[in-house]
Structure formats: structure tokens, C-alpha cells
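Its first residue numbered 3, the sequence shown is counted upward by one per residue in the working numbering.
Even for Gly, the Cβ is constructed at its ideal location relative to N, Cα and C.
Being a predicted model, the structure only gives us computed values, none of them experimental.
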Amino acid sequence: MLFGFTLAERARQTGLATSTVYRKVTRFEQLGMRGFLEAEDDPDSKRVLPQPMRRAIIQLKSEYPAFRPNELATICHVRFNRCPSAVTIKKILATESPPTTVQRRFPRYAELEDSQERRGAIVRLHAEGWNIASIAAYLETSRPTVYATLKRWIEEGIHGLADKPLGPKQPVTKTTLWAMNAVRKLQQNPELGEFRIHAALDQLGIKLSPRTCGRILARNRKLYGLRGPDAKPREPKGMPFKAAYRHQYWTTDIRYLDHQLGGGNVYCISILENYSRAMVASAISRSQALPAFLNVLFAALRRYGAPETLVSDGGSVFRAGQAMALYRALGITHQRIDPSQPWQSYIETNFNVQRRMADWDFSRAQTWEELQRAHERWLADFNYQVHWAHQKRTDGRRSPADVLGWATGKPVSEEELNRIFTVRAERSLDQQGYARFRNWRIYGERGLSRKRVVLWLCDAQLRVEFGDTPLAEYRVVYRQDHHHLRTVDPTRLYETQHQSSQLPLLELEPHAWRLVMELPAQRQRRRLPVAVQPPLFVIEAVAR
């Protein structure tokens, strides 16, 4: 064909396109001389849909006019394994004439009497490529019905087409007649309750919960007239420290906290106002000694004044000599709940509320700062969220803070508190973190230089605090005057977040680091008499 010429040269000689020459050469190489005798396939003939597919499209559109072209294409793809385009389907619908008679393949859903035929029609249409909306509209039923039928077909197959009982689908119950009869036999003893019946049945191999046993007991008593346990009437005990007005009773106690900080126990020291259930003061501490309790009491007194009565258990920290002296000086009556009767303490119940509200946060705290933030968040939530004890109030006050309001107890001035709390002293730390106290230089924290700290002196213990954070503890020995200190020995130095980030110029060994230093006693300066200078000139008064 080319006779030694290239495709381009042969195309110029014959007046044909290069692609046409290339196609004929390729056809000759594949078919030989037969390629010149047989006519080439018309490429447009492959683009024409077969006649059965065209008739199916016209029939489907006539049977259900709401079909869209893409839905008809999906059905053709399922039935004929060929998916025509939407443009082709629109062209067929526009050019082909619809059939003269239209006959439904399936009656409407409600017209089919046999339930299996109804569900079978849904499955058949879905198998042909119909979507859920088209099936529901064609059979005039709901889409949930179509979904439920197809789900049953997928899960159960042919068995899912049949009807099922309409009764409740409850699992096999363990409360059989045999179990109920066993309970009735055991019930001959009227003193057995639901838990003892549960234990006896468990021994017999019958597994019923105590609550189920209680329901069977009640039903047997009603059916057979069986006697139950004799109820012993008991008068409910009244709360001995129920307050009739605000600040009549305060209750205090100490609770252990579960934590992950290490380094020993952590305590929550709180004071509750009985009438409003408000926490007037609360703090977390590493120590439950007297200074820690007095610090919380001082904060409550400074903000709310003094109550009439302070209630506590028999803890020694609440009955210490210095604490009792403070109560007397403030006019507070101290009362103690009966031994082994924690229900008399209002704060015990509210500690259970703290356990439910905050113990999860306490257990997740990784640092002391996180623990303090969790405690502050609980204190605010406890005081400002609604409380169960105030649900029946008619004034609309539901939270402890709303019930307490602006009311205060006996007012106590700041000067009077400082005078009464003789064991409390405020000092400023110097540049090295030391405070001067009774001719002693006592270390607090170098990172808090120039800050005001509080020193609590209780019996033989001296405690240094910054806010609610303990810094150090010391053991002291008094002189004969029971005021000045003979010796001061460090017992514990707390690690806090207030440690200085600047490293010291000279690192000392622990044994060489002096936490306390005795200072020479300061001599009192004698006051010199004030000399009165006579006037330079004496002018006699002239009587008028």
C-alpha cells in the first residue's frame, strides 16, 4: 500500500488524511486482502442502544412516569449490564412513542392480600435496581416499610417475608413458676427479707436479684395472704443541732482526700453553716494539726463573724486548750456530737456530697496547684448550686449561698481577731526567705521574699504558712516565762510551687543549711525626758 513511501507522502498522493491511511494499513496487516473487500464498521452503530433496552426504558417510564433519567440508567445497568447516559435516555424518551396500553407488573401494596407477595414485590423491584423512594411511591406504601422489608430479607432471607407474631419480644425470663414456688416455700419464715431469700436461692442454683426476690415476696403475700416481717415502729430521731436561724450552729470536721501527689496524706478542713448548708470556710492541707484548723476558723470568723455554737466530733484538735480559749474569748459555745454517732453532724452528709462532686477531680490532680483549683471549684459549686435540703422552701432560694445571703454572726473586728488569736502572727520574709519571730530568724521560703506570711504557734509547734499553703514546721521549747523560745528545731520543710527559680550563688549541703538562727535580744531604748525650753521673752498679759 505504501510502496516505500511514508504515511504523510502516501496521504498527499491519495488525497486522504494521514489517520485514514494509517487505519487502512493497520486493517490490511490484520485481515489481509479481506480488509479491502469488507466494509469497515460504522463507529456510530456501537453507540446505538439495543432495541430491547430501548423498549424497556419506554415501558418503565410509562409504568412509573416519576422516573428520572439516572434512575432508569441504574435499572438498565442492573438488567442489561450496560449503563446509558442520562442524555441518551432523554433522547430516547423524546423520540420514541409510548405504548398505547400500560399495565402494572405489580398491584399496589394494599391490594396484595398475601403478605409474602407484598414483601416479595418490594424485594423484586429492589433487585431490578429500583431505589427506595421509587419502590415506596410505585407500590403506594411508606419508605420505613420498604426499609424494614429489605432489612428482614438481608438478615433472614426467604423466612423474612412471612408474618411474625405481634407480641412483645422479651427474652427468656428467669422468674419461672419453679423459682416463684421456691420463694413461696422459703417465705414460710416471715422474717426473711429479699436479700436472705436471694442468698438461699443462690445456694439452690437459682439466680435471681434481691430486687426480683422482693417483688416475688410482695406478690406471694398478696396472693396467699402470707405474713411479712413485723415492722417495729420507731420514732425518727431529730437532728440535735438543727438550726432555726443563720449562724446559730457551725459544724466543723476534717476529711481525708484520695490523691496521686505522694508525700503523705492530704486533708480537707471545712466549716459548715447548719441553717443554709453553706461552707463558710474550707482549705486543703498536708497537716491536720491545730494551726491548720485555726487557719480555717480564722478565715471563717473574719468573713462571717462568730456563731453562737461550734459543733464538732471528739477530735483532739477541736478540743485543744488553745482552741477552747479562743472559743471562750469569742463567746462561742463548743458542743460535741455523741460518740459513734456521726449522723448528728451535718457536715458528714455534705462530705458525701463532696465525695460525689469532687473526688474524681481530686484523684486526677497531678500537682498541688491542680488539687487546690479542684478544691476551689468544688467550694464554689457546692455553695452556688441548688441543694436538696432547700427544695421545699417557699421563697425560691435553693442554693446555700442564696439562703445564707448577707447575714453574718456576731461581728468581730480585724483588730480583735488579731488580739484573740495570740498564736497567730504576720511577718514579712526578708530577701533570703527568713522571718523574725521572738528573737529568732526562721526560714519560710526564699521564693516568697518580701511577702507577708503567717506564723502559728500552738503548744510546742510553730508553723509558717503563705495563704493556705504550709511552708515549714518547727518544734519549739519555751523558756521559764512561757513566752520566749529557748530552742527552735525544724521538723518539716514543704515543697511548694513558690520555690525560687533562681539558683543560689552557693549551694550548701543539707546539714550546713541553717533554717533557724537565734538573734541577740533587742534592748529597749530608754526614752529621754523631753526638755521644755522656756520662752525667750515673757510678756505679761494686760488686763483690759
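- Between the region 304 to 318 and the region 329 to 343 there are three or more inter-stretch CB-CB distances shorter than 8 Å, so the stretches are counted as touching.
- Residue pairing by DSSP puts K412 in a beta bridge opposite A308.
- Residues R248 of the same chain have their beta carbon placed closer than 6 Å to that of A409, with the five preceding and five following residues left out of the count.
- DSSP places S430 in the uninterrupted beta strand (DSSP E) bounded by R426 to S430.
- As a beta-bridge residue in DSSP terms, S272 pairs with D255 and S284.
- For W180, the enclosing alpha helix (DSSP H) begins and ends at L179 to L188.
- Counting the other Cβ atoms within 10 Å of the Cβ of I199 gives 16 or more, which makes it buried.
- Cβ atoms of C78 and I59 come within 8 Å of each other, at about 7 Å.
- For A308, same chain residues with a beta-carbon under 6 Å away, outside a window of 5 residues either side, are L332, I334, G411, K412 and V414 in chain order.
- Between the alpha carbons of G162 and R121 lies a distance of about 9 Å.
- Distances from the alpha-carbon of D232 to those of P192, R57, G266 and L296 put P192 closest.
- For L33, no beta strand (DSSP E) run applies; the uninterrupted alpha helix (DSSP H) run containing it begins and ends at T20 to L33, by DSSP.
- S278 has no beta-bridge partner at all, per DSSP.
- Around the beta-carbon of L206, fewer than 16 other beta-carbon atoms lie within 10 Å, marking it exposed.
- Distance check between E73 and each of A129, N133 and V50 places N133 closest, using alpha-carbon atoms only.
- Annotated as proximal: A325 and L292, with beta-carbon spacing under 9 Å.
- Distance from the CA of A246 to the CA of D255, rounded to the nearest whole angstrom, comes to 21 Å.
- In this model, R145 and R126 are separated by some 16 Å (Cα to Cα).
- Collapsing the DSSP output to three states places D491 in a strand.
- Around Q118, the same chain offers L163 and A164 as residues with beta carbons nearer than 7 Å, after the five sequence neighbours per side are excluded.
- The distance from the Cβ of R481 to that of D491 is about 15 Å, inconsistent with a contact at the 8 Å cut-off.
- The criterion of a C-beta distance shorter than 9 Å is not satisfied by R229 and R236.
- Of all alpha-carbon atoms in G469, N385, Q393 and L263, the one lying nearest the alpha-carbon of L406 is that of N385.
- Relative to E467, the option among L495, D483 and R440 whose CA is nearest is L495.
- For the pair N183 and R213, the Cα-to-Cα distance works out to about 17 Å.
- The criterion of a C-beta distance shorter than 9 Å is not satisfied by A403 and A285.
- Excluding sequence positions up to five before and after C460, its CB lies within less than 8 Å of the CB of A291, L292, P293, L296, A322, Q324 and V425, all in the same chain and listed in chain order.
- Collapsing the DSSP output to three states places C215 in a helix.
- When DSSP states are grouped into helix, strand and coil, Q387 belongs to the coil group.
- In the DSSP assignment, L457 falls outside any alpha helix (DSSP H) and within the unbroken beta strand (DSSP E) covering R454 to C460.
- Taking the CA atoms as reference points, L168 sits about 19 Å from A112.
- Spanning the alpha carbons of P109 and K171 requires a straight line of approximately 32 Å.
- The alpha-carbon of K26 is positioned some 48 Å away from that of Y66.
- A residue is called buried once 16 or more other Cβ atoms fall within 10 Å of its Cβ, and N354, having fewer, is exposed.
- Counting along the chain, the unbroken alpha helix (DSSP H) around H79 starts and ends at P71 to F82.
- Counting only residues of its own chain and dropping the five nearest sequence neighbours on each side, T311 has a CB closer than 8 Å to the CB of F243, Q250, Y251, W252, I334, T335, H336 and Q337.
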